[in-house]
Amino acid sequence: MSLVNKLSALRDLYNTGITRPFDYRKKQLQKLKAVIEKYEQQLYNALHEDLKKSPEECWVTENGFVLAEINNTIRQLERWMQPESTGTNLVNLPSKSYVIAEPLGVVLIISPWNYPFQLLFTPLVGAIAAGNCIVMKSSEFAPATTALMKQMIEETFEPGYILFIEGDGAHVVPEMMNNFVFDHVFYTGSTAVGKIIYQMAAQQLVPVTLELGGKSPCVVESDADIKVTAKRIVMTKFSNAGQMSVAPDYLLVHASVKDALINELKNVLQKFFGDDPRSSEYYGKIINEKQFDRLVKYFADGKIIHGGRSDKSRSYIEPTLITDVDPGSAIMLEEIFGPILPIISFDTMEQALTIINRNKNPLAFYIFTSSKEKVWLNAVPFGGGCVNNASWHLTNHNLPFGGRGFSGTGHYHGKYSFDTFSHKKAIMKTPTWFDPSIKYPPFKGKLKLFKWIIR
Ligand code: NAD
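Using numbering that gives the first Met the number 0, read the sequence shown as starting at 0 and increasing by one per residue.
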């Protein structure tokens with residue numbers, strides 16, 4: 000069957016209405032949960048092969064993360080699906096108004112390689128919950144995880160309901176989007192490819208969610224708790240060897256605490272990963288040679304004060320701290336997306352904001368302080384973030400996760416995923432027993448009354 004015919008089969012199934020009832024959706028979520036549990040060990044093996052993730056890291060950021068999302072969705076779904084009553088304004092009384100959450104139809108989910116399981120399966124949970132038929136496109140750069148995910152999906156679901164697509168995104172995604180009209184495209188990946196997706200979707204006015212990248216700043220104020228701050232920054236920045244969209248891209252530290260912070264960062268790095276992080280089971284590897292070559296070039300953009308070793312044969316780049324970076328150098332212009340952390344000091348907030356504003360609308364923003372959070376949170380437009388923490392906001396399914404502008408459009412997780420994959424149909428029901436002539440022409444002499452009712 001050609002790819003386009005496979006996509007048409009999804010549309011045919013969707014049109015039967017089978018995916019709409021609550022029981023059907025719940026059953027699919029339970030099946031999804033069961034297959035994730037069944038393949039737990041194989042998932043650890045695959046994620047280790049692709050990215051050298053430990054089972055503990057996988058549980059927090061990949062399979063455990065998705066299972067928590069499924070459990071929460073199963074618990075809340077019946078409530079989310081109920082029509083939502085709203086008020087009715089004076090001019091429309093005694094009508095009743097409500098909003099129906101309707102499935103979108105056939106949706107496409109495209110994911111990157113850095114959290115290959117989480118970033119494909121978390122939106123999948125929302126798309127199933129909202130009653131859609133789904134095409135999943137994984138990244139070609141995480142082959143072991145992709146092969147396993149394909150097996151899991153094909154063993155659990157009919158291809159006419161959930162279709163798993165692999166292969167070169169630059170080829171297979173245009174083939175789908177140019178020959179089939181999706182009802183929504185949910186894309187996670189780089190800003191450059193996000194623009195291509197947005198343009199293809201625009202041709203057919205297909206709505207999109209774009210979860211993109213960028214440079215997420217992390218500010219450490221003069222009144223931060225340095226010991227805790229260092230632990231939390233290292234934890235996030237060097238998790239998955241820095242290949243995390245919400246990792247602090249660079250640090251802006253108040254000059255009065257710069258030395259203390261650097262000392263503490265070095266201590267923590269040693270405690271977390273030992274003298275040779277290459278042999279730590281809790282330190283990951285770089286996904287491929289292309290990314291490795293891109294990253295090691297950044298070593299030349301400043302002064303290495305910790306780390307700096309690498310081993311191409313093992314896709315290893317040591318956690319590296321770097322100072323004295325030139326604001327015009329590549330490391331400060333491009334998203335780093337690896338285990339290299341530039342540290343820049345500031346004396347005034349204006350100095351720091353000048354640097355932040357060079358890369359508008361970061362996906363995340365982190366401020367470490369005991370008293371100055373408000374002023375910082377108001378000063379920077381960003382997707383989401385943390386005070387005295389980094390990246391953990393995305394693990395709370397009660398918060399919307401997404402960027403703004405250059406870092407994306409739309410959001411998901413928990414109820415926000417359900418809403419993203421639903422259309423909010425607005426309904427007003429007007430009784431026929433009350434039908435005053437004032438509403439109908441001729442209108443002569445009624446303006447005063449209209450002004451009183453509609454204002
Ligand atoms: P990428 O943009 O190269 O690839 C993402 C997906 O797009 C893959 O499935 C790929 O096959 C497909 N693709 C590639 N070229 C395409 C094209 N020309 N047309 C259509 N589809 C195409 O991204 P990546 O390198 O896999 O991931 C890294 C980027 O993703 C970083 O910028 C990172 O910040 C971002 N990211 C964002 C989030 C988030 O939640 N906002 C999460 C993870 C990663």
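For each residue, glycine too, the CB sits at the ideal point set by N, CA and C.
Quick check on residue i: buried or exposed, where buried means 16 or more other Cβ atoms within 10 Å of its Cβ?
i, result
"T353", "exposed"
"N178", "exposed"
"M175", "buried"
"W451", "exposed"
"P361", "buried"
"H183", "buried"
"Y13", "buried"
"V192", "buried"
"A129", "buried"
"Y160", "buried"
Hey, out of the options, whose CA is closest to residue i's CA?
i, options, result
"W79", "F420, K438, P361 and V295", "F420"
"K257", "G241, N239 and T228", "T228"
"T18", "V105, K445 and A246", "V105"
"P435", "D222, H47 and L92", "L92"
"L393", "V90, A363 and T408", "A363"
"P54", "V252, H396 and Q40", "Q40"
"K30", "L118, F64 and F156", "F156"
"V245", "E77, M427, G407 and P20", "G407"
"H305", "D325, P276 and A329", "P276"
"L66", "I164, K51, V34 and R357", "V34"
"N71", "M243, K52, Y197 and N395", "N395"
"L107", "L264, P206 and F116", "P206"
"V180", "V267, S215, Q27 and L204", "L204"
"R10", "I164, L103, A146 and K236", "L103"
"I330", "Y297, Y315 and A351", "Y297"
"D222", "I73, T368, K52 and T145", "T368"
"E77", "L89, K51 and K26", "K26"
"Y415", "Y160, Q75 and M148", "Q75"
"F405", "V171, N358 and G166", "N358"
"Y114", "T190, D22, K230 and M243", "M243"
"Q81", "Y315, V3 and F417", "F417"
Output needed for residue i: all residues of its chain with C-beta closer than 7 Å, excluding positions within five of it in sequence on either side, in chain order.
i, result
"A425", "V98"
"K5", "P158 and L162"
"R308", "E317"
"C57", "L42, Y43 and L46"
"W112", "S138, F140, A141 and I286"
"E101", "S421, H422 and K424"
"D274", "none"
"K443", "none"
"K32", "L66 and I69"
For residue i and residue j, which I take to be in contact (beta-carbon distance under 8 Å), what is that distance rounded to the nearest angstrom?
i, j, result
"Y249", "L340", "7 Å"
"E334", "G413", "The pair is not a contact, with the Cβ atoms about 27 Å apart (cut-off 8 Å)."
"S94", "G86", "S94 to G86, Cβ: 11 Å. No contact."
"L42", "E61", "7 Å"
"L320", "I261", "7 Å"
"M135", "L119", "6 Å"
"Q290", "G337", "7 Å"
"I437", "V218", "In fact, because the Cβ distance is near 59 Å, the residues do not count as touching under 8 Å."
"I127", "R24", "6 Å"
"S215", "P247", "6 Å"
"I355", "V379", "6 Å"
"E263", "K236", "Not a contact, Cβ separation roughly 14 Å."
"A351", "L251", "5 Å"
"I109", "T187", "7 Å"
Take residue i and list the residues in its own chain whose beta-carbon comes closer than 8 Å to its own, dropping the five residues that flank it on each side.
i, result
"Y411", "T121, P122, G125, F185, T208, E210, P399, F400, G401 and T419"
"P430", "P93 and S94"
Please list, in chain order, all residues of the same chain as residue i whose beta carbon is under 6 Å from its beta carbon, the five residues on each side excluded.
i, result
"G327", "none"
"V295", "S309"
"N387", "F367"
Tell me the rounded alpha-carbon separation between residue i and residue j.
i, j, result
"K302", "E349", "24 Å"
"D224", "E288", "38 Å"
"A389", "G168", "31 Å"
"K428", "G382", "37 Å"
"S370", "W391", "20 Å"
"M234", "G283", "12 Å"
"N131", "D49", "30 Å"
"T15", "A8", "11 Å"
"S255", "F64", "38 Å"
"K265", "I343", "16 Å"
"A200", "E154", "30 Å"
"N239", "F116", "13 Å"
"T347", "D323", "18 Å"
"E372", "N397", "21 Å"
"S1", "K37", "31 Å"
"R403", "G409", "8 Å"
"T144", "G166", "13 Å"
"D300", "K51", "27 Å"
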